[in-house]
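Chemist: Quick note on numbering: the sequence shown equals residues 20 to 174 in the numbering used here.
We put the beta carbon where it would ideally sit given N, CA and C, even for glycine.
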Amino acid sequence: MLMSDTSQLLVRRIKDGTVIDHIEAGKALLVLRALAITGKEGNVLTVAMHVPSSKHGKKDIIKVENRYLETSETNKLALIAPRATINLIKDYKLVEKRRIQLPESIVGIFKCSNLKCITNSGEDIKSKIDVIDKEKMVLKCRYCARTLLIEELVF
Ligand SMILES: [Zn+2]
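1) Any residue with its Cβ nearer than 6 Å to a heavy atom of ligand 1 should be included. What is that list in chain order?
2) Who are the near neighbours of residue 33 in its chain, counting only those whose CB is closer than 7 Å to its CB and skipping five residues on each side?
3) CB-CB under 8 Å to residue 22, same chain, minus the five flanking residues each way: which ones, in chain order?
4) Drop a sphere of 10 angstroms on the beta-carbon of residue 174, count the other beta-carbons inside from all chains shown, and report buried for 16 or more, exposed for fewer.
5) At 3 residues or longer, and completely inside the region 49 to 122: list those beta strand (DSSP E) runs for me, N to C.
6) For residue 127, count neighbouring C-beta atoms within 10 Å of its own C-beta (all shown protein chains included) and say buried if the count is 16 or more, exposed if not.
7) Among the candidates 86, 79 and 122, whose CA atom is the shortest distance from the CA of residue 63?
8) Let me make sure I understand the geometry here. Which of 152, 78, 162 and 140 has the alpha-carbon closest to that of residue 40?
9) Between which two residues does the beta strand (DSSP E) containing residue 124 stretch?
10) Run through DSSP, which three-state label would residue 43 get?
11) With C-beta atoms as the reference, is residue 125 less than 8 Å away from residue 93?
12) Assign residue 137 to one of three DSSP states: helix, strand, or coil.
13) So residue 151 and residue 159 are supposed to be a Cβ contact under 8 Å. How far apart are they, rounded?
14) Whole angstroms are fine: how far does the CA of residue 96 sit from the CA of residue 130?
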């Protein structure tokens, strides 16, 4: 309790917006990338990395002010930050807390690792990666049917 209070103080409370908490330490920048948040949007954006956490040792936290991330957006984080929690804040109050759920398929975020795949041909085709087994995290490219490992996914 005390510990998490301390880590909350490192980054100021926000009035309205989304707090992505319990991101695996060091993954915050990947999370921003997956959400296509560049910092050019003009929202106040706070990124805290390697914050001491009582639960998992260290964690990253992202606060996006004046923006409420949709479930469809935050589910994109399932492969990068599966333990992250999404907190929606309105007028300094927590109005919704949700966990990330692995979607059935992930469209247009990761590249297929098969260089000969049509999604890597330079044509305007978005990658579609199906989640075949949610427990074992088995992923498959819908176009070339290659089985993909999480570690080899590239943006
Ligand atoms: Zn492919």
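Modeler: In this structure, then:
1) 131, 133, 136, 138, 160, 162, 163 and 165
2) Counting from one through the sequence shown, the residue named residue 33 turns up at place 14. Excluding residues within five positions, the ones whose Cβ falls inside 7 Å are 82, 84 and 108.
3) Counting from 1 along the sequence shown, the entry for residue 22 is found at position 3. Since pLDDT at residue 22 reaches only 48, below the 50 mark, its modelled position is unreliable, and the value read off the structure follows with that caveat. Around residue 22: 71, 72 and 73.
4) One-based indexing of the sequence shown puts residue 174 at position 155. That one is exposed.
5) 64 to 72, 76 to 84, 104 to 109 and 112 to 118
6) For the purposes of this step, residue 127 is taken as residue 108 along the sequence shown, with counting starting at 1. It counts as exposed.
7) As a position in the sequence shown, residue 63 is number 44, starting the count at 1. Among 86, 79 and 122, the Cα nearest to that of residue 63 is on 86.
8) Walking along the sequence shown from the start, residue 40 turns up at place 21. With distances taken between Cα atoms, residue 40 lies closest to 78.
9) Reading the sequence shown from its first residue, position 105 is the one you call residue 124. Here the beta strand (DSSP E) through residue 124 covers 124 to 126.
10) Taking the sequence shown and counting its residues from 1, one reaches residue 43 at position 24. Three-state result, residue 43: strand.
11) The count along the sequence shown starts at 1 and reaches residue 125 at position 106. The count along the sequence shown starts at 1 and reaches residue 93 at position 74. No.
12) As a first step, residue 137 must be located in the sequence shown, where it is residue number 118. If DSSP states are grouped into helix, strand and coil, residue 137 belongs with the helices.
13) The sequence position of residue 151 within the sequence shown is 132, counting from 1. The sequence position of residue 159 within the sequence shown is 140, counting from 1. Confirmed, about 5 Å.
14) Mapped onto the sequence shown, residue 130 falls at position 111. Mapped onto the sequence shown, residue 96 falls at position 77. The alpha-carbon atoms of residue 130 and residue 96 are separated by roughly 15 Å.
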